[in-house]
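Position in the sequence shown counted from 1, then plus 24, gives you the numbering used here.
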Amino acid sequence: KARKALRMFARLVKLWFALAPLTLLYPLLNQSSSTTDDDDKQSKEQEMPWFTRWYLQFCLKNVEWSGAAVIKLMQWLSSRPDLVGEDFCNIFSRLQDSTTPHDYVHTQEAMQEAFGTDWESTIALEPTPIGSGCIGQVYKGRLLKTNNKQEVAVKVLHPSIENDIDVDLDLLRMVAKFLPLIYQPVSWLNPEGAVEEFGRMLTSQLDLRQEARNIQVFQEDFKDDDNVIFPQVHSAPTRRVLVESFIEGKPILEFAKEHASDHDLLHKLCAAGIRIVCKMIFVYNHCHGDLHPGNIFITPNGDMALLDCGIVNAYSPEDHAHIVNVLTSFIRHDGQRAGRLLMENSSRRTAVAGYDPEGFVTKIDALATRAAGPEHMMEHLGTYISIICNAAAHHHVLMNQSFVSAALAVKVQEGIVLSLDPSLEIWRIANPIILEGEAKRRAKKLLTRFTTKSKSSGGTPPSFPWNLFSNRTASTAEPVHK
């Protein structure tokens, strides 16, 4: 415990030195933003006021020095120009694939640990990484023992990343525990649950064998979808090294800039992306949890390639049903039902009775009425979630963190949509898929009851294609073999 406390203290000191200067200098920040219409990122940087450019670049360096947890948060935030501004995104988008890489000697040690001392006779690596994120970095290589010396992408974890994340999560847990003591209403937003959800997503990336299993599940889910592809895993993955097929392509925002005049193409890309994410969340219950623009590539033949599948959101059957039921209630403009579902879910998880439950239901009902007009819920999801959370805090309704994380997963994609095609009506794509998820979940429930009844009566239950209705989690997927 003493060693753990010492590590946390050292981490706090490091974060203080990283973030305190940013706070002190912030009042001097020139709030003006770029006015150039040039789409080139370097041109936009040059158009920034000098202090804005210097300050954001200083922030970028300090964020990188702060560690993986802070970098991950900034990666997601840098995909939302509508929230933080174009200047911020132009600078911080580098965190999506261009963080400071670790030394090649650490990569050599990891490769030797994974494939033995003669690994260089099997895989030829280019010594300079083609991308580096908060958890690891990626190299381009070739499989020397294949006939055509196939190109591959080799992902290697950063050294000591596990210890850094453990300390960061301990600090976040401490903050989440004491924050309600400072401001009590925040307790109903379930900050401890939010930290555990964030921690689960981060730690799932620390074993690349899990990423290989996630890829296998995604390939099965979308085997009949011609618009999306995932990498193919080569050789048996290890905890620190993953070898997968190399996918040629360009990051989606770079591709969008090059085809800015082709509005039909960008509209199709947007629609396909929203459809894919909604199917992941509401139909398959197995959603890529790190879909910032740096992990979405467009291949030369127009396919959408989803990379870096280490983070997956998969909810329990009860939580998944809660998510779908609440959103379908909004779609059907049944705010009374949505409010009752949120209230009942809270009552099951806390012994504290809600304050003025009818008042809470009335607020949610008014929100559903608002969503029936031009301000569709899926078009203004951030605003709606904020209103729901405020109502929950006021009426002592404990928010289900799975509901919030699912909503935010869609919200992150909204940032990409704004960059590609702001005119796209997300609700037209999302609503039918949410209703499809509800129908499949109900069908599975009915079939389960029917087969259970058949077994109890001594009959032979019929055979059904259960895989069509499965709610799998990443942990239940079979391991990937060579």
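Glycine residues also receive a C-beta, built at the ideal position from the N, C-alpha and C atoms.
Buried or exposed by the 16-neighbour rule on C-beta atoms within 10 Å, applied to residue i
i	result
Pro446	exposed
Tyr208	The question names Tyr, but residue 208 is Gln in the sequence shown. When all chains shown are included, Gln208 counts as exposed.
Pro324	exposed
Ala222	Per the sequence shown, the amino acid found at residue 222 is Phe instead of Ala. Phe222 comes out buried.
Val94	buried
Asn171	exposed
Trp78	exposed
Ile206	exposed
Lys387	buried
Gly273	buried
Arg466	exposed
Val441	buried
Lys173	exposed
Leu168	exposed
Leu351	buried
His287	exposed
Leu405	buried
Gly140	exposed
Ser285	exposed
Lys25	exposed
Asp389	buried
Pro513	Only positions 25 to 506 of the chain appear in the structure, and residue 513 is not among them; the question remains open.
Euclidean distance between Cα positions of residue i and residue j
i	j	result
Pro398	Ser228	39 Å
Glu342	Leu30	40 Å
Gly160	Ser269	17 Å
Lys38	Val336	30 Å
Lys85	His258	35 Å
Glu88	Leu43	11 Å
Leu193	Arg394	38 Å
Cys294	Asp250	15 Å
Leu36	Pro45	14 Å
Val176	Leu149	9 Å
Lys96	Arg473	43 Å
Arg263	Gln234	8 Å
Glu186	Leu266	17 Å
Asn214	Arg224	15 Å
Phe75	Glu462	51 Å
Glu220	Ser145	42 Å
Val199	Asp111	30 Å
Gly383	Leu232	47 Å
Ser102	Ala92	15 Å
Met98	His126	20 Å
His400	Asn349	17 Å
Glu137	Lys28	28 Å
Lys468	Val307	12 Å
Ala417	Glu368	15 Å
Cys311	Ala338	7 Å
Gln132	Trp212	48 Å
Ile412	Ser443	27 Å
Gln303	Ala236	Sequence check: residue 303 is Lys here, not Gln. Rounded to the nearest angstrom, the two C-alpha atoms are 20 Å apart.
Asp190	Leu470	43 Å
Pro183	His130	7 Å
Pro261	Leu330	19 Å
Phe246	Gln240	10 Å
Ala430	Asn309	10 Å
Tyr408	Val421	16 Å
Trp143	Val178	13 Å
Asn114	Ser410	26 Å
Gly217	Met423	9 Å
Ser56	Gln243	In this predicted model, Ser56 has a pLDDT of only 44, less than 50, meaning its place in the structure is not dependable; the value taken from the coordinates is given anyway. Rounded to the nearest angstrom, the two C-alpha atoms are 45 Å apart.
Val326	His283	The sequence shown places Gly at residue 326, not Val. Near 12 Å, if we compare the C-alpha coordinates of His283 and Gly326.
Val428	Lys281	32 Å
Nearest-angstrom Cβ-Cβ length linking residue i and residue j, presumed shorter than 8 Å
i	j	result
Ile355	Leu459	7 Å
Gly363	Asn238	Not confirmed; about 35 Å, so no contact.
Val385	Gln425	That pair is no contact at about 21 Å.
Asp332	Asp358	With 8 Å as the limit, Asp332 and Asp358 do not qualify as a contact, their Cβ atoms being about 38 Å apart.
Leu195	Met32	6 Å
At a cut of 8 Å, does the stretch 453-461 reach the stretch 298-308 through at least three beta carbon pairs? yes
Taking 8 Å as the cut-off, does the stretch 344-357 touch the stretch 245-259 (at least 3 CB pairs, one atom from each stretch)? no
Are at least three pairs of beta-carbons, each pair with one atom in the stretch 160-174 and one in the stretch 316-325, less than 8 Å apart? no
At a cut of 8 Å, does the stretch 140-160 reach the stretch 117-130 through at least three beta carbon pairs? yes
Length at least 4, wholly inside the stretch 253-288: the alpha helix (DSSP H) runs in chain order: 276-282
Report the residue ranges of all alpha helix (DSSP H) runs contained in full by the stretch 328-368; include only those spanning at least 4 residues, in chain order. 341-355
Length-filtered (4 minimum) alpha helix (DSSP H) runs lying within the stretch 153-179: none
Minimum length 4: unbroken alpha helix (DSSP H) runs contained in the stretch 393-442: 405-419
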